[in-house]
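**Q** Would you mind keeping the following structure in view while I ask a few things?
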Amino acid sequence: MFSLRFAGLILLLAAFAPTPPVFELRDVDLTGWDCLMKPAGSAKTEDGQERNRQKNRPPIDLAGAKIIPFDTPGFLAHVADYDSQLQAKRRRDMIPAQKTQLEALEKEIVSLTGWLVFAYQGLPETTNCKSDQFLDWHLEVFAQPADHSPQIGDATPIICEITPRTEAVLYRSGARIQDLAAFLRLPDNSVRPTNGGKAHKVRVSGYLMWDDEHGGPNDVGTMVQRFTRNGYHNPWRSTAWEIHPVIKVEDLGTK
732 MFSLRFAGLI LLLAAFAPTP PVFELRDVDL TGWDCLMKPA GSAKTEDGQE RNRQKNRPPI
792 DLAGAKIIPF DTPGFLAHVA DYDSQLQAKR RRDMIPAQKT QLEALEKEIV SLTGWLVFAY
852 QGLPETTNCK SDQFLDWHLE VFAQPADHSP QIGDATPIIC EITPRTEAVL YRSGARIQDL
912 AAFLRLPDNS VRPTNGGKAH KVRVSGYLMW DDEHGGPNDV GTMVQRFTRN GYHNPWRSTA
972 WEIHPVIKVE DLGTK
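Count the sequence shown with this note's numbering and you get residues 732 to 986, in order.
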């Protein structure tokens, strides 16, 4: 009798236990968000405003658009060629001719086919006027699938970012982080497998963008070399070039 009562108590407590938060794309409503009409966000510097305007481009209908397709080696070769053309490390150091050239490059719409091993929400940033409610989603897309989140010795990914301005479009298309990524980093920096726990091959499409703010050796490299005290892996990206904003994500399965 006691065991039955005890079991009943456990079930009762479980029923009223708080549901763990699910970190997922939302059909987000940006009505009333004061940052929506500020494509430069809250950046104070000229280069910060330029960078934010590129990140905050609105979604467009990709039907009929010229999309340049890449796998990981192709993407890296493509942007390495642009790096050699631009001969610049930061936007703020560019002369007008270089800025004009960069503007043309960042108009490209590209797709990247690879494996979505790791995903997480970013931190409040000037792009989104430091909002803690509207954040970018980072997709770490790798050349090969993995059964673990990034570890020392692993190859680094290409970064693709979903913004608050494109999140609802992706949500309505049926894209779900929990279904596509193998691992998710939570706000407390802990890592957990997603519902499926398996990386899906994806095709991510959106604007090419040079995030020069993350072009240093601590950020860019071919291999993860260390972890910070907070649990971040460094370097964490193969290149400062990324797909940002992401406009479309297609699920190509797990094989």
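Even glycine gets a Cβ: it sits at the ideal position worked out from N, Cα and C.
Tell me which residues share the same chain as K797 and place their Cβ nearer than 7 Å to its Cβ, disregarding the 5 neighbours each side in the sequence.
**A** If we look at K797 and ignore the five residues flanking it on each side, its Cβ neighbours are I840.
**Q** Going by alpha carbons, who is nearest to D867 out of L939, F873, I893, G845?
**A** Nearest C-alpha to D867: I893.
**Q** Give the list of continuous alpha helix (DSSP H) stretches no shorter than 4 residues that lie fully inside the stretch 766-852.
**A** Runs found: 777-786, 803-817, 827-836.
**Q** Just how far apart, CA to CA, sit K838 and Q785?
**A** Near 9 Å, if we compare the C-alpha coordinates of Q785 and K838.
**Q** Can you check whether the C-beta of Q864 is within less than 8 Å of a C-beta belonging to chain E?
**A** No chain E is present in this structure, which holds just one protein chain.
**Q** Apart from the five residues just before and just after G952, which ones in its own chain have a Cβ nearer than 7 Å to its Cβ?
**A** Excluding positions up to five away in sequence, the list reads T887, P966.
**Q** Which same chain residues, not among the five before or five after G793, have their C-beta less than 8 Å away from its C-beta?
**A** It is worth fixing the name first, because residue 793 is Leu in this sequence and not Gly. Excluding residues within five positions, the ones whose Cβ falls inside 8 Å are I840, S936, I978, K979.
**Q** If we call anything under 8 Å between Cβ atoms a contact, is T844 one with R903?
**A** Against a cut-off of 8 Å, the Cβ pair of R903 and T844 comes out as no contact.
**Q** From the DSSP output, in three-state form, read off I883 for me.
**A** It is coil, neither helix nor strand.
**Q** Helix, strand or coil for D910, going by three-state DSSP, please let me know.
**A** Looking at D910 - three-state DSSP - the assignment turns out to be helix.
**Q** In the DSSP output, which residue or residues are listed as bridge partners for R957?
**A** In DSSP, R957 forms a bridge with N965.
**Q** Measure the alpha-carbon distance for D758 versus A835 and round it to whole angstroms.
**A** Between D758 and A835, the C-alpha separation is close to 32 Å.
**Q** Is the beta carbon of I883 closer than 8 Å to that of T970?
**A** The answer is no: Cβ separation not under 8 Å.
**Q** Hey, T897 and H931: beta-carbon distance below 8 Å or not?
**A** No, the pair does not count as a contact, with Cβ atoms beyond the cut-off.
**Q** Nearest CA to the CA of Q780: which residue from L901, K769, A877?
**A** Nearest of L901, K769, A877 to Q780, Cα basis: K769.
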